[in-house]
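Below: one structure, written as structure tokens.
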Amino acid sequence: EPEVTQTPSHQVTQMGQEVILRCVPISNHLYFYWYRQILGQKVEFLVSFYNNEISEKSEIFDDQFSVERPDGSNFTLKIRSTKLEDSAMYFCASSPRLAGNFGNEQFFGPGTRLTVL
Amino acid sequence: AQSVTQPDIHITVSEGASLELRCNYSYGATPYLFWYVQSPGQGLQLLLKYFSGDTLVQGIKGFEAEFKRSQSSFNLRKPSVHWSDAAEYFCAVGTSGTYKYIFGTGTRLKVLA
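In the order they appear, the protein sequences are chains P and R. Take any residue in the first sequence, count from 1 to its spot, add 387: that is its number in the working numbering. Take any residue in the second sequence, count from 1 to its spot, add 217: that is its number in the working numbering.
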């Protein structure tokens with residue numbers, strides 16, 4: 388069964404460093420998403436991406452964040468200058484069509500745990 | 218604004234007992250509703266979803282949920298809990314025309330042998 392994969396599973400970085408979290412969505416999906424879950428808190432939407440551009444973003448997704456689909460398979464989240472409060476689990480998701488419409492669902496990856504020291 | 222409330226942070230049940238996890242949402246129109254389960258260190262697995270039609274939805278692992286519009290609720294149930302059901306459960310809402318899901322804060326389920 389196809390699944391969303393994410394690498395690395397755990398990333399440790401120093402405050403102020405740049406990190407890139409990688410995701411491989413399900414191959415025929417067109418919509419891609421990033422969410423984060425700070426330890427002990429709820430899962431929060433960061434950004435959605437369709438047709439090579441951001442389609443929606445939350446207030447959390449500020450200028451230090453960027454997303455990219457550099458090739459036909461990868462979807463990345465870059466945090467330009469990490470802060471302590473960026474420590475969280477980051478989930479990638481994908482959907483074949485616009486999630487929410489007509490029964491479409493988002494399929495989530497296993498997550499990348501980011502620790503900022 | 219849309220919101221999801223899971224009033225129970227922790228629930229403990231004995232193995233074999235029945236389970237009900239509560240979820241209330243706030244949204245003007247009919248939302249799309251989901252329950253996800255997250256085992257420690259794992260990702261989010263979809264248990265079931267509601268989009269329209271029959272308000273009682275069957276999911277995987279013996280779970281079901283009932284959409285009650287009058288109560289703005291989508292409670293998750295299981296008639297007999299297994300030790301392997303111990304995990305965190307998240308209710309989520311999606312809405313037509315938007316890209317994001319809004320998640321509740323989760324309910325951590327502990328199962329006693």
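Virtual Cβ for every residue (Gly too), placed ideally from N, Cα, C. This structure is a prediction, so every number in the text was calculated from the model and none was measured.
Where residue i meets chain R, residues with beta-carbon distance less than 9 Å
{"i": "P/Glu443", "result": "Thr315, Tyr316 and Lys317"}
{"i": "P/Glu446", "result": "Neighbours of P/Glu446 on chain R: none; closest Cβ ~12 Å, over 9 Å."}
{"i": "P/Phe432", "result": "Tyr316, Lys317, Tyr318, Ile319 and Phe320"}
Neighbour list for residue i in chain R, Cβ cutoff strictly below 8 Å
{"i": "P/Lys429", "result": "Phe307, Phe320, Gly321, Thr322 and Gly323"}
{"i": "P/Ser435", "result": "Tyr316 and Lys317"}
{"i": "P/Phe478", "result": "Gly260 and Leu261"}
Proximal chain P residues relative to residue i, where beta-carbon distance stays under 8 Å
{"i": "R/Lys285", "result": "Chain P residues near R/Lys285: none, gap ~20 Å exceeds 8 Å."}
{"i": "R/His251", "result": "The displayed chain sequence assigns Phe, not His, to residue 251 of chain R. Result: Glu492."}
Partners in chain R for residue i, counting only beta-carbon separations shorter than 7 Å
{"i": "P/Gln401", "result": "Chain R residues near P/Gln401: none, gap ~24 Å exceeds 7 Å."}
{"i": "P/Phe452", "result": "The premise fails here: P/Phe452 is roughly 15 Å from chain R at the closest Cβ pair, so nothing lies under 7 Å."}
Nearest-angstrom beta carbon gap, residue j and residue i [assumed within contact, 8 Å]
{"i": "P/Met402", "j": "P/Thr469", "result": "6 Å"}
{"i": "R/Asn241", "j": "R/Thr222", "result": "5 Å"}
{"i": "P/Val406", "j": "P/Leu501", "result": "7 Å"}
{"i": "P/Asp473", "j": "P/Val503", "result": "5 Å"}
{"i": "R/Lys285", "j": "R/Val274", "result": "Contact flag wrong, Cβ pair sits at about 12 Å."}
{"i": "R/Ser235", "j": "R/Leu329", "result": "About 14 Å; that fails the 8 Å criterion."}
Coarse secondary structure for residue i, derived from DSSP in three states
{"i": "P/Glu388", "result": "coil"}
{"i": "R/Ser301", "result": "helix"}
{"i": "R/Gly311", "result": "strand"}
{"i": "P/Ser339", "result": "In the structure as shown, chain P begins at 388 and stops at 504. Residue 339 of chain P is therefore absent and cannot be evaluated."}
{"i": "R/Arg325", "result": "strand"}
{"i": "R/Thr247", "result": "coil"}
{"i": "P/Arg500", "result": "strand"}
{"i": "R/Ala218", "result": "coil"}
{"i": "P/Ala480", "result": "strand"}
{"i": "R/Glu237", "result": "strand"}
{"i": "R/Ile226", "result": "coil"}
{"i": "R/Tyr242", "result": "strand"}
Listed by chain order, chain P residues near residue i by CB distance under 9 Å
{"i": "R/Gln259", "result": "Pro497 and Gly498"}
{"i": "R/Phe291", "result": "None at all; the shortest Cβ gap to chain P is about 15 Å."}
Of the listed residues the options, nearest to residue i (C-alpha basis)
{"i": "R/Gly258", "options": "P/Asp450, P/Gly496 and P/His416", "result": "P/Gly496"}
{"i": "R/Glu283", "options": "R/Tyr249, R/Val254 and R/Thr324", "result": "R/Tyr249"}
{"i": "R/Val310", "options": "R/Gly279, R/Ser289 and R/Leu329", "result": "R/Ser289"}
{"i": "R/Leu326", "options": "R/Tyr244, R/Tyr253 and R/Ser243", "result": "R/Tyr253"}
{"i": "P/Asn439", "options": "P/Glu455, P/Cys410 and P/Phe448", "result": "P/Glu455"}
{"i": "R/Thr322", "options": "R/Ser287, R/Gln219 and R/Ile226", "result": "R/Ile226"}
{"i": "P/Thr463", "options": "P/Gln493, P/Gln404 and P/Thr394", "result": "P/Thr394"}
{"i": "P/Pro389", "options": "P/Leu417, P/Phe452 and P/Pro412", "result": "P/Pro412"}
{"i": "R/Thr324", "options": "R/Ser243, R/Ser256, R/Ala246 and R/Gly233", "result": "R/Ser256"}
{"i": "P/Arg467", "options": "P/Arg484, P/Lys444, P/Phe452 and P/Ala480", "result": "P/Phe452"}
{"i": "R/Ser269", "options": "R/Cys308, R/Ser313 and R/Gly279", "result": "R/Ser313"}
{"i": "P/Asp450", "options": "P/Asn461, P/Lys465, P/Ser442 and P/Ser460", "result": "P/Lys465"}
{"i": "P/Cys479", "options": "P/Val399, P/Thr400, P/Gln404 and P/Gln424", "result": "P/Gln424"}
{"i": "R/Trp300", "options": "R/Leu261, R/Gln219, R/Phe251 and R/Lys278", "result": "R/Lys278"}
{"i": "P/Ser435", "options": "P/Tyr418, P/Ser396 and P/Leu408", "result": "P/Tyr418"}
{"i": "P/Ser482", "options": "P/Ser414, P/Leu426, P/Ala475 and P/Ser396", "result": "P/Ser414"}
Mind pulling the beta strand (DSSP E) runs of 3 or more residues that sit fully within the stretch 253-296 of chain R? When DSSP assignments are scanned along the stretch 253-296 of chain R, the uninterrupted stretches of beta strand (DSSP E) that are 3 or more residues long and fall wholly within it turn out to be 262-267, 273-275, 281-285 and 290-295.
Subject >> Secondary structure, alpha helix (DSSP H): runs of 4+ residues fully inside the stretch 388-437 of chain P >> reply: none
Residue ranges of each beta strand (DSSP E) within the stretch 432-472 of chain P, 3 or longer: 440-444, 452-455 and 462-466
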